[in-house]
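Input: a single structure, listed below in structure tokens.
In our numbering, the protein residues as written are 346 to 732.
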């Protein structure tokens, strides 16, 4: 599952560090270039609910394996995009294909991992997301600097292929999966029940806000560092994404800490880290910017690990659909906030982006603060403790 998360983020966010190059090569504005990221995350978000229904009906493993295989094929096709429109279409198809893995992964972990170890397991899965996001971005940025973004896209396809083959071979079989009928009335009833829960609504809102902030920071950081006074090249900008290793460590550490002190005490603290890191990036010194992004990344992955595990624990037998709703909110935030913050960039550069994102962080912190007093479910599921 670590490897599945690795491949998903490596493929999904590969164009993020080369947005300035895409904008220059295709003659488009920064906000338009960001669509190569945003349309992929939007397609993934829209396909999560259908994918979760298929996961409930046909099994987690089957869907995750098919998802990675199809996304790898599309990654190779991206290298041959004739124009910007084709690139956007392929990126959107890749997002749709990838939906099957995140729609099933958290449910698989909730079913197959003992309750006492679920926090650590979720932390390792999300650590794979962080490491994949870092590796894919760094690989694409470095190869783009040395050759072209098309060579980089083909290399990413090779990375996806290797990850897919190992995932197919090594994923243990499911022992606790029970198929559920994919009836529209049942699905609608489950969605209604999940949204009716105040705790889950706030967790979905946090996913939307914080992922939007996270995507925006990394979308427009490249434009800031590419311009004067920093004037960094693609490889140097790609190296900034090595800060994802901080997210890998944060996810694994937070997963263990959740099992010890609980989510209510941890979630809001991690969001405070995000806001603090964002504020530090306002200084016009490269070292301060790197330090701020590191603090921000640490807080973001800690918050995501805490919130996503909370959703899986709280939703019981509906966990596949609940995690799909969480991730739908998560990726819609990446798409909408990630693109709209480009308007703030065009209006007031990094100061404008920071101001807009600070508002989002403040709203996320409010939701997390309210969750401190959340009551456990009245009738918790038999296989999971009260959440």
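A virtual CB, placed ideally from N, CA and C, is assigned to each residue, including glycine.
- The DSSP-derived three-state label of residue 535 is helix.
- The Cβ-Cβ distance between residue 423 and residue 413 does not fall below 9 Å.
- Judged by DSSP secondary structure, residue 369 falls within the alpha helix (DSSP H) whose first and last residues are 364–371.
- Your pair residue 383 and residue 679 checks out as a contact, with CB atoms roughly 7 Å apart and the cut at 8 Å.
- Residue 672 and residue 615 have their alpha carbons spaced roughly 19 Å apart.
- Inter-residue distance for residue 640 and residue 531 is about 43 Å (C-alpha atoms, whole angstroms).
- Taking a contact as a CB-CB distance under 8 Å, the pair residue 670 and residue 390 does not count as one, their CB atoms being some 10 Å apart.
- Cβ-Cβ separation between residue 567 and residue 364: approximately 6 Å, consistent with a contact (criterion under 8 Å).
- For residue 396, the three-state secondary structure derived from DSSP is helix.
- Straight-line spacing of the CA atoms in residue 485 and residue 358 works out to 10 Å.
- About 5 Å separates the CB atoms of residue 650 and residue 599; that is less than 8 Å, so the two are in contact.
- DSSP places residue 658 in the uninterrupted alpha helix (DSSP H) bounded by 631–659.
- As summarised for the segment 664–688, there are no continuous alpha helix (DSSP H) elements at least 4 residues long confined to that stretch.
- Per the Cβ contact rule, the segment 452–471 is in contact with the segment 582–599 (3 or more Cβ pairs under 8 Å).
- Residue environment: residue 491 is assigned as exposed (fewer than 16 neighbouring CB atoms within 10 Å of its CB, all protein chains considered).
- In this model, residue 519 and residue 656 are separated by some 21 Å (Cα to Cα).
- In terms of CA proximity to residue 403, 453 leads the group 509, 489, 453, 574.
- Residue 360 carries a coil assignment under DSSP once its states are collapsed to helix, strand and coil.
- Between residue 719 and residue 547, the gap from beta carbon to beta carbon is short of 9 Å.
- The Cβ neighbour count for residue 533, taken over all protein chains shown within 10 Å, is under 16; the residue is labelled exposed.
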